[in-house]
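**Q** Chain order of the listed sequences is A and B.
Positions 501 to 854 (my numbering) are the ones given, in order, by the first sequence.
Positions 501 to 854 (my numbering) are the ones given, in order, by the second sequence.
Number of protein chains: 2
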Amino acid sequence: MKKHNYSAGPCILPQEVFEQAAASVLNFNNLNLSILEVSHRSKDIVAVMEEAQALVLELLNLENKGYEVLFLQGGASLQFLMAPYNLLKSKAAYLDTGTWSSNAIKEAKYIGNVEVVASSKENGYRHIPKGFNIPSDADYFHCTSNNTIYGTQIKSFQNSPVPVVCDMSSDIFSRVLDFSKFDLIYAGAQKNMGPAGTTLVVVKKDLLGKTGRAIPAILDYETHIAKESMFNTPAVFAVYVSMLTLRWLKNLGGISAIEKINNAKAELLYAEIDRNPLFKGYASPDDRSNMNVTFNLADGVSGEVFDGLWKAAGINGLNGHRSVGGYRASMYNALPLESVQVLVEAMQTFEKKA
Amino acid sequence: MKKHNYSAGPCILPQEVFEQAAASVLNFNNLNLSILEVSHRSKDIVAVMEEAQALVLELLNLENKGYEVLFLQGGASLQFLMAPYNLLKSKAAYLDTGTWSSNAIKEAKYIGNVEVVASSKENGYRHIPKGFNIPSDADYFHCTSNNTIYGTQIKSFQNSPVPVVCDMSSDIFSRVLDFSKFDLIYAGAQKNMGPAGTTLVVVKKDLLGKTGRAIPAILDYETHIAKESMFNTPAVFAVYVSMLTLRWLKNLGGISAIEKINNAKAELLYAEIDRNPLFKGYASPDDRSNMNVTFNLADGVSGEVFDGLWKAAGINGLNGHRSVGGYRASMYNALPLESVQVLVEAMQTFEKKA
Numbered sequence: 501m502k503k504h505n506y507s508a509g510p511c512i513l514p515q516e517v518f519e520q521a522a523a524s525v526l527n528f529n530n531l532n533l534s535i536l537e538v539s540h541r542s543k544d545i546v547a548v549m550e551e552a553q554a555l556v557l558e559l560l561n562l563e564n565k566g567y568e569v570l571f572l573q574g575g576a577s578l579q580f581l582m583a584p585y586n587l588l589k590s591k592a593a594y595l596d597t598g599t600w601s602s603n604a605i606k607e608a609k610y611i612g613n614v615e616v617v618a619s620s621k622e623n624g625y626r627h628i629p630k631g632f633n634i635p636s637d638a639d640y641f642h643c644t645s646n647n648t649i650y651g652t653q654i655k656s657f658q659n660s661p662v663p664v665v666c667d668m669s670s671d672i673f674s675r676v677l678d679f680s681k682f683d684l685i686y687a688g689a690q691k692n693m694g695p696a697g698t699t700l701v702v703v704k705k706d707l708l709g710k711t712g713r714a715i716p717a718i719l720d721y722e723t724h725i726a727k728e729s730m731f732n733t734p735a736v737f738a739v740y741v742s743m744l745t746l747r748w749l750k751n752l753g754g755i756s757a758i759e760k761i762n763n764a765k766a767e768l769l770y771a772e773i774d775r776n777p778l779f780k781g782y783a784s785p786d787d788r789s790n791m792n793v794t795f796n797l798a799d800g801v802s803g804e805v806f807d808g809l810w811k812a813a814g815i816n817g818l819n820g821h822r823s824v825g826g827y828r829a830s831m832y833n834a835l836p837l838e839s840v841q842v843l844v845e846a847m848q849t850f851e852k853k854a
Numbered sequence: 501m502k503k504h505n506y507s508a509g510p511c512i513l514p515q516e517v518f519e520q521a522a523a524s525v526l527n528f529n530n531l532n533l534s535i536l537e538v539s540h541r542s543k544d545i546v547a548v549m550e551e552a553q554a555l556v557l558e559l560l561n562l563e564n565k566g567y568e569v570l571f572l573q574g575g576a577s578l579q580f581l582m583a584p585y586n587l588l589k590s591k592a593a594y595l596d597t598g599t600w601s602s603n604a605i606k607e608a609k610y611i612g613n614v615e616v617v618a619s620s621k622e623n624g625y626r627h628i629p630k631g632f633n634i635p636s637d638a639d640y641f642h643c644t645s646n647n648t649i650y651g652t653q654i655k656s657f658q659n660s661p662v663p664v665v666c667d668m669s670s671d672i673f674s675r676v677l678d679f680s681k682f683d684l685i686y687a688g689a690q691k692n693m694g695p696a697g698t699t700l701v702v703v704k705k706d707l708l709g710k711t712g713r714a715i716p717a718i719l720d721y722e723t724h725i726a727k728e729s730m731f732n733t734p735a736v737f738a739v740y741v742s743m744l745t746l747r748w749l750k751n752l753g754g755i756s757a758i759e760k761i762n763n764a765k766a767e768l769l770y771a772e773i774d775r776n777p778l779f780k781g782y783a784s785p786d787d788r789s790n791m792n793v794t795f796n797l798a799d800g801v802s803g804e805v806f807d808g809l810w811k812a813a814g815i816n817g818l819n820g821h822r823s824v825g826g827y828r829a830s831m832y833n834a835l836p837l838e839s840v841q842v843l844v845e846a847m848q849t850f851e852k853k854a
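#1: What's the C-alpha gap between V736/A and S674/A?
#2: I'd like to check one pair, D774/A with V781/A: are the Cβ atoms closer than 8 angstroms?
#3: Near H627/A, what residues of its chain come up, given a Cβ to Cβ distance below 6 angstroms and the 5 sequence neighbours on each side ignored?
#4: DSSP state of R747/B, grouped into three classes?
#5: Taking Cβ positions, are L560/A and V702/A nearer each other than 8 angstroms?
#6: Straight-line CA distance for E804/A to N796/A?
#7: Could you tell me whether the Cβ of K606/B comes closer than 8 angstroms to any Cβ of chain A?
#8: Give a yes or no on whether the minimum CB-CB distance between K691/A and chain B is below 8 angstroms.
#9: Would you check if the distance between the CB atom of T592/A and the CB atom of G575/A is smaller than 8 angstroms?
#10: Should E550/B be flagged as near chain A, meaning a C-beta pair shorter than 8 angstroms?
#11: For D787/A, does the three-state DSSP call read helix, strand or coil?
#12: Once the 5 residues before and after A798/B are set aside, which same chain residues still bring their CB inside 8 angstroms of it?
#13: Which whole-angstrom value is the C-beta distance of V617/B and I634/B, which I expect to be below 8 angstroms?
#14: Which residues in the same chain as P510/B place their Cβ atom closer than 7 angstroms to its Cβ, once the five residues preceding and following it in sequence are excluded?
#15: Using a threshold of 8 angstroms, state whether the C-beta atoms of T698/B and A726/B are closer than that.
#16: Tell me, to the nearest whole angstrom, how far the beta carbon of T648/B is from that of S670/B; I am working on the premise that it is less than 8 angstroms.
#17: For a cutoff of 8 angstroms on Cβ pairs, would you count K727/A as touching chain B?
#18: Counting only Cβ pairs nearer than 8 angstroms, list the residues of chain B close to Q573/A.
#19: Compare the C-beta of N505/A with all C-beta atoms of chain B and state if any pair is closer than 8 angstroms.
#20: The segment 704–722 of chain A: which residues have C-beta closer than 9 angstroms to a C-beta of chain B, in chain order?
#21: Less than 8 angstroms between the CB atoms is what I'm expecting for M693/A and L700/A, so what's the real figure, rounded?
#22: Cβ of V525/A less than 8 angstroms from any chain B Cβ?
#23: If you measure between the beta carbons of L818/A and R828/A, is that distance less than 8 angstroms?
#24: If you pair each beta-carbon of the segment 654–672 of chain A with each one of the segment 575–584 of chain A, do three or more pairs fall below 8 angstroms?
#25: Does L581/B have its Cβ less than 8 angstroms from a Cβ in chain A?
#26: Given this structure, state the Cα-to-Cα distance separating L768/A from Y686/A, to the nearest angstrom.
#27: Strictly below 7 angstroms CB to CB, what residues from chain A border C511/B?
#28: Rounded to the nearest angstrom, what separates V614/B and T711/B at their Cα positions?
#29: Using a C-beta cutoff of 8 angstroms, does H540/B count as contacting chain A?
#30: Any C-beta of chain A within less than 7 angstroms: which residues of the segment 777–792 of chain B qualify?
#31: Pull up the DSSP beta-bridge partners for R828/B, would you.
#32: Report all residues from its chain with a CB closer than 6 angstroms to the CB of L719/A; omit the five preceding and five following residues, and keep chain order.
#33: In the structure shown, what three-state DSSP assignment does V662/A receive?
#34: Looking at the C-beta of L818/A, does it have a partner C-beta in chain B at a distance below 8 angstroms?
#35: Can you tell me which of the three DSSP states F641/A falls into?
#36: Against Y610/B, what residues of chain A qualify as contacts under a CB-to-CB distance less than 7 angstroms, listed in chain order?
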């Protein structure tokens, strides 16, 4: 039975990527070797790394603008530490929009002074704070573009008087932005880019080397830039599958093409949540994420019948994050519109049966 | 044509592991989902993590001895930093046996005082220093069990008055040791355990929490222990393939069974290096590694004909590390004895043609 995979990450990737990845585990580039057993310094793997880096710059429209692309390990959670280690000299400004922002703030505090410029914690992170002041004496401003757990997304980024660092783990490559407004972008691969195990870092090189801090080699962006992401053995397979996924996105027409599909999916599902009296959305309508749609049953409604319906329809991964409950439909790039239609049908069938 | 893969890492894994891994990229556990798109918190992936951890303790004979098993990211190179971050209070003792020891020493110096108890750098790291003094006021003693680049291996570990930390990246699971003599073992997966992208850490829990240092969450072993290696999204596929490889090793009869095969491979190749007048070994005979056999052409011998012979025989990855040159035959667990016979035949053919 075909599955409709709403998993919040690791998550659905294109079927053709799974097929190419599986074939390369058996025989990579007709070398009669598995991609898992080939040296990361072989010309075939160096070519994978270079293609992945080039695709990132091309898709983000950041070619020839002074950016370096790295594929590291450790997830966004290691970037929570590496970003301040490399950039925080006297003070950093952070926007708190959820669990991941909050974890980033905690790690930055090990390195230096952190000013939280605004937080939506008091209302359960249902909205994105706006109109806050970013201090001009901060070394950088840090924000999280999309909040997987609460289903909110920054729709419009405030102008910043200082360099902008953004955790785009859960919505990079999903919508058109002027990426040149960001000085450091990082993203765990396991949403729109690839499987778990590698982390994308896109950094403006002239931002680095200014703190005067001695940085351990493994945490120093300049080390990894100098060694072209091969200071130590990279997560070869995760980078390869990311490269395949980026190729797929390019062939589809790039970010502007996928954005149209993502908008259509989000409009369809939010319309049903707003129309169907048995459901209510969690996030403030203005700040609703197109990637992670969070919703609950209306007051007094029992979910048992609905849970049976979506499971019977082949839907996977619709439960909300364990910290907030309810439902969460994660609709990353590779989720087809058809899967959203199946979910909406289950919601409508539930309404008829109630 | 069948390949004989001598790659130094990432390296050969069992063929049955490649086949199972490729099948799971298409359909994991009959879920009709790829292993790359399943949540790391799903019961199927939690079961993979738990089985991998249990197999590590079973194979190392460390069950019920106070050890915790972690699958982290960042390679041994991140452990070069994490180990001192978690353990170094006043001073650490390090043995320098090559490039990786040397890198570990550099990272530890960012954290605190390091005393290098002995080094074989002066003779090109051809031997393992012995009979050195480990200061009893050190917080721990750090060593590298096997040196991939130079082809040396610690055959007998000195008794230590302080806890022992060992980087076993390139020979873990290859030979029988009393692993309970080590307090912290770490190893990048990409030799005897799995593909690149995950790092095994086996740590005695009572060693931790003693430095008084505030440790960022992502670098704190206690964080990862409390979250059972899921503080953040682990490298799911790399852990899965490691689990498959550990299962294969267990079914083969465990470490004592593979050790016999590894000894036979090493004896065969070293005997040929010593017998054949066209070659000479690099490492001191007493300290020769059973994993990485380093050798050179005898003085005045040209390698062109030999290079043609081994390449024509389907051998891959025999060139020495770019920092030392010559040849390096990496003979990890999954390399069959037959591949060593093919190499020895090429060496003998070369002798006849010379």
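Glycine included, each C-beta is placed from N, C-alpha and C at the ideal position.
Since the model is a prediction, treat every value here as computed from it, not as a measurement.
**A** With the given structure in hand:
#1: Taking the first sequence and counting its residues from 1, the one referred to as residue 736/A is at position 236. Taking the first sequence and counting its residues from 1, the one referred to as residue 674/A is at position 174. One C-alpha to the other measures close to 24 angstroms.
#2: Reading the first sequence from its first residue, position 281 is the one you call residue 781/A. Reading the first sequence from its first residue, position 274 is the one you call residue 774/A. Correcting the residue identity first, residue 781/A is Gly in this sequence and not Val. A contact, by the Cβ cut-off of 8 angstroms.
#3: Within the first sequence, numbered from 1, the residue matching residue 627/A stands at position 127. Excluding sequence neighbours, H627/A sits near S620, S784 and D787.
#4: As a working mapping, residue 747/B is identified with position 247 in the second sequence. It is helical.
#5: Here residue 560/A corresponds to residue number 60 of the first sequence, with the count starting at 1. Here residue 702/A corresponds to residue number 202 of the first sequence, with the count starting at 1. In this structure, V702/A lies closer than 8 angstroms to L560/A by Cβ.
#6: Sequence index remark: in the first sequence, residue 804/A carries index 304 (1-based). Sequence index remark: in the first sequence, residue 796/A carries index 296 (1-based). Cα to Cα, E804/A sits roughly 13 angstroms from N796/A.
#7: In the second sequence, counting from the first residue as 1, residue 606/B sits at position 106. Yes, K606/B counts as interfacial toward chain A.
#8: As a working mapping, residue 691/A is identified with position 191 in the first sequence. No, K691/A lies away from the interface with chain B (no Cβ there is under 8 angstroms from its Cβ).
#9: Position 92 of the first sequence, counted from the start, is the residue given in the question as residue 592/A. Position 75 of the first sequence, counted from the start, is the residue given in the question as residue 575/A. At residue 592/A the sequence reads Ala, which differs from the Thr that was named. No. Outside cutoff.
#10: As a working note, residue 550/B is residue 50 in the second sequence. Output row for E550/B: interface = no.
#11: By 1-based counting over the first sequence, the position of residue 787/A is 287. It is helical.
#12: Along the second sequence, read from residue 1 onward, the residue named residue 798/B stands at position 298. P777, L778, F779 and K780.
#13: In the second sequence, residue 617/B corresponds to position 117, counting from 1. In the second sequence, residue 634/B corresponds to position 134, counting from 1. About 6 angstroms; that satisfies the 8 angstroms criterion.
#14: What you label residue 510/B is simply residue 10 of the second sequence in a count that begins at 1. Short of 7 angstroms from the beta carbon of P510/B, and not among the five residues preceding or following it, lie these beta carbons of its own chain, in chain order: Q690, P695 and A696.
#15: As a first step, residue 698/B is located in the second sequence; it is residue number 198 there, counting from the start. As a first step, residue 726/B is located in the second sequence; it is residue number 226 there, counting from the start. Going by C-beta atoms, T698/B is not nearer than 8 angstroms to A726/B.
#16: The sequence position of residue 648/B within the second sequence is 148, counting from 1. The sequence position of residue 670/B within the second sequence is 170, counting from 1. In this structure T648/B is in contact with S670/B, their Cβ atoms being roughly 5 angstroms apart against a cut-off of 8 angstroms.
#17: Here residue 727/A refers to the residue found at position 227 when the first sequence is read from its first residue. No, no contact with chain B.
#18: In the first sequence, counting from the first residue as 1, residue 573/A sits at position 73. The contacting residues are Q573, G574, G575, L578, G697 and A735.
#19: Residue numbering aside, residue 505/A sits at position 5 when the first sequence is read from its first letter. So, interface residue.
#20: Taking 9 angstroms as the cut-off between beta carbons, the residues of the segment 704–722 of chain A near chain B are A714, I715, P716, A717, I718 and L719, in sequence order.
#21: For this step, residue 693/A is matched to residue 193 along the first sequence. For this step, residue 700/A is matched to residue 200 along the first sequence. With a Cβ gap of about 6 angstroms, M693/A and L700/A count as contacting.
#22: Taking the first residue of the first sequence as position 1, residue 525/A is located at position 25. Chain B, which has a Cβ nearer than 8 angstroms to the Cβ of V525/A, makes this yes.
#23: The residue given as residue 818/A occupies position 318 in the first sequence. The residue given as residue 828/A occupies position 328 in the first sequence. Yes, these two residues count as a Cβ contact at 8 angstroms.
#24: yes
#25: For the purposes of this step, residue 581/B is identified with residue 81 of the second sequence, where counting begins at 1. Judged by the 8 angstroms Cβ criterion, L581/B is in contact with chain A.
#26: On the first sequence, residue 768/A is found 268 positions in, with the first residue counted as 1. On the first sequence, residue 686/A is found 186 positions in, with the first residue counted as 1. Using only the alpha carbons, I get a separation of about 29 angstroms.
#27: Along the second sequence, read from residue 1 onward, the residue named residue 511/B stands at position 11. Here the neighbours are E537.
#28: Here residue 614/B refers to the residue found at position 114 when the second sequence is read from its first residue. Here residue 711/B refers to the residue found at position 211 when the second sequence is read from its first residue. Answer to the nearest angstrom: the Cα atoms are 15 angstroms apart.
#29: For the purposes of this step, residue 540/B is taken as the residue at position 40 of the second sequence. Yes, its Cβ sits closer than 8 angstroms to a Cβ of chain A.
#30: none
#31: Counted from its first residue, the second sequence places residue 828/B at position 328. DSSP lists T794/B as partners of R828/B.
#32: For the purposes of this step, residue 719/A is identified with residue 219 of the first sequence, where counting begins at 1. Taken in chain order, the residues that qualify are M582 and Y585.
#33: On the first sequence, position 162 is the one that residue 662/A refers to. If DSSP states are grouped into helix, strand and coil, V662/A belongs with coil.
#34: As a position in the first sequence, residue 818/A is number 318, starting the count at 1. Not an interface residue.
#35: On the first sequence, residue 641/A is found 141 positions in, with the first residue counted as 1. Of the three classes helix, strand and coil, the one that applies to F641/A here is strand, per DSSP.
#36: Counting from one through the second sequence, the residue named residue 610/B turns up at place 110. Residues of chain A passing the Cβ test: A714 and P716.
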